[in-house]
Amino acid sequence: MTYQPSNPALEASRVQWEAAAAGWDAHSPMLRKWLSGPTRTLFDAAGVAEGQSVVDVAAGAGDQTLMLAERLGPKGRILATDLSPALIERLKRHAQDAGLDTVEARVADAQDVLSESDTFDAAVCRLGLMMLPEPSRCLSSVRSALKPGGRFAAMVFAEPDANPCIRILMSTAMRHAGLPPRDPFAPGGLLSLGRPGHLDRLFEEVGFREVSTFRTDAPFQLQSVHDYIAFLRSAAAPVIAILSKLEPEAQEDAWRDMGEQLSQFTGPEGWSGPNTLLVTAGRR
Ligand SMILES: C[S@@+](CC[C@H](N)C(=O)[O-])C[C@H]1O[C@@H](n2cnc3c(N)ncnc32)[C@H](O)[C@@H]1O
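Residue numbers for the sequence shown follow my numbering, beginning at 1 and rising by one.
Right under this line is the structure:
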């Protein structure tokens, strides 16, 4: 059955990610270089071990799914879900190309209840939870899909001051689009779960136990700021969406402005954009 989102906000998000799917996927090697260390931290926080059954929520094109499959080995099982059919198609292709028969992939809103209950040993979500208008619904759904004692770990961006690149991108895009500044903590925004302690509380409110957060610096290291802008222009769905109403020339101005501001992170070794991530985990 074809998945049909019924809610306009959700449909808008799906459209954004469909448009950015090819760009996100094309940058998988860059994402792997940036996030492989924090992704191992994510798996450790979820207690992921060989032979387990794991759900990977908002899995995108599956970069972390492939890392997960490697850790689980041939006896493991992964259910990867994402809102975007184009990303799920890409994830399936990567799993097939890697000869993996342990990965099942499904288009789904992460806020909807999973049909599996008491099923998974662990669950992970890499840079997806903060995009959801109602992250608590996702937390509840994942919690009931876990076996008792199973762990869920989610990676999100930390607070705005610790993520100046994202802060600059969002504020510059909004200004060029003629929109008022957005509350960075408003639901669904890239930094929405970054307020210290907030995500821990959400985990606890839906019943997770032993909740803790690990904070990690993950600078995005590239040869130049132009590589970062090129990545954003094809893959950063929320920023692309804000600028999409502008004429092409006005969009160019906005990207140029972002590039100029972000060049402050250029040093002798190239460009190093500061990013801080939170990995919050809890046990069912
Ligand atoms: C920043 S990307 C991260 C993708 C992947 N986890 C990774 O790290 O490469 C955010 C992902 O969240 C997905 N997403 C956004 N809203 C969603 C929702 N309501 N339900 C499921 N996935 C969603 C997008 O389609 C996109 O793949």
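Glycine is no exception: its CB is placed at the ideal position from the N, C-alpha and C atoms.
Could you tell me how far apart the beta carbons of residue i and residue j are, in whole angstroms, since I believe they sit closer than 8 Å?
{"i": "V124", "j": "V54", "result": "7 Å"}
{"i": "I168", "j": "Q261", "result": "5 Å"}
{"i": "A153", "j": "A46", "result": "4 Å"}
{"i": "L87", "j": "W24", "result": "7 Å"}
{"i": "R137", "j": "F208", "result": "Going by Cβ atoms, the distance from R137 to F208 rounds to 14 Å, so no, they are not a contact pair."}
{"i": "L79", "j": "A110", "result": "In fact, because the Cβ distance is near 12 Å, the residues do not count as touching under 8 Å."}
{"i": "A49", "j": "H94", "result": "That pair is no contact at about 23 Å."}
{"i": "L83", "j": "S13", "result": "6 Å"}
{"i": "L202", "j": "L139", "result": "6 Å"}
{"i": "A237", "j": "A19", "result": "7 Å"}
{"i": "L100", "j": "D63", "result": "The pair is not a contact, with the Cβ atoms about 14 Å apart (cut-off 8 Å)."}
Please identify the residue among the options whose C-alpha is closest to the C-alpha of residue i.
{"i": "L72", "options": "D121, E204, R256", "result": "D121"}
{"i": "S212", "options": "S192, F231, V279", "result": "V279"}
{"i": "T119", "options": "R93, H94, R175, R151", "result": "R151"}
{"i": "L190", "options": "E104, V239, P85", "result": "V239"}
{"i": "D112", "options": "A236, A19, A250, A58", "result": "A58"}
{"i": "A281", "options": "D63, Q251, E204", "result": "E204"}
{"i": "K75", "options": "V103, T65, Q64, E89", "result": "V103"}
{"i": "A177", "options": "E210, Q221, E249", "result": "E249"}
{"i": "S244", "options": "Q221, Q223, F43, L179", "result": "L179"}
{"i": "R40", "options": "Q16, H198, L66, G51", "result": "L66"}
In its own chain, which residues sit with a C-beta less than 8 Å from the C-beta of residue i, not counting the 5 before and 5 after it?
{"i": "G194", "result": "M130, V156, F157, A158, E159, P160, A162, N163, P184, F185, L278"}
{"i": "A218", "result": "W34, L35, G37, P38, N275, T276, L277"}
{"i": "I229", "result": "W255, M258, G259, L262"}
{"i": "S117", "result": "S144, A145"}
{"i": "H27", "result": "F231, S234, A235"}
{"i": "Q223", "result": "G270, W271"}
By Cβ distance, which residues of its chain are closer than 6 Å to residue i, with the 5 residues on each side in sequence left out?
{"i": "L114", "result": "S141, A145"}
{"i": "R106", "result": "T81"}
{"i": "R284", "result": "R143, L146, P148, G150"}
Report all residues from its chain with a CB closer than 7 Å to the CB of residue i; omit the five preceding and five following residues, and keep chain order.
{"i": "T2", "result": "Low per-residue confidence applies at T2: pLDDT is 49, beneath 50, and the placement is therefore not dependable, though the value from the model is reported in the following sentence. Around T2: no qualifying Cβ."}
{"i": "G188", "result": "M131, L132, P133"}
{"i": "A241", "result": "Q16"}
{"i": "S171", "result": "P181"}
State the beta-bridge partners of residue i as determined by DSSP.
{"i": "L277", "result": "F157, T216"}
{"i": "R151", "result": "A122, R283"}
{"i": "I88", "result": "Answer is none; I88 lacks a bridge partner."}
{"i": "L79", "result": "V55, E104"}
{"i": "G270", "result": "G267"}
So does residue i have its beta carbon nearer than 7 Å to some heavy atom of ligand 2?
{"i": "R32", "result": "The model on display carries ligand 1 but not ligand 2."}
- Ordered list of alpha helix (DSSP H) runs contained in the segment 181-268, each at least 4 residues: 198-205, 225-235, 237-243, 248-262
- Taking only runs of the alpha helix (DSSP H) that begin and end inside the segment 121-148, which ones reach a length of at least 4 residues, in chain order? 135-145
- Task: Quick one: which unbroken beta strand (DSSP E) runs of 3-plus residues sit fully inside the segment 43-74? Chain order, please.
- Result: 53-57
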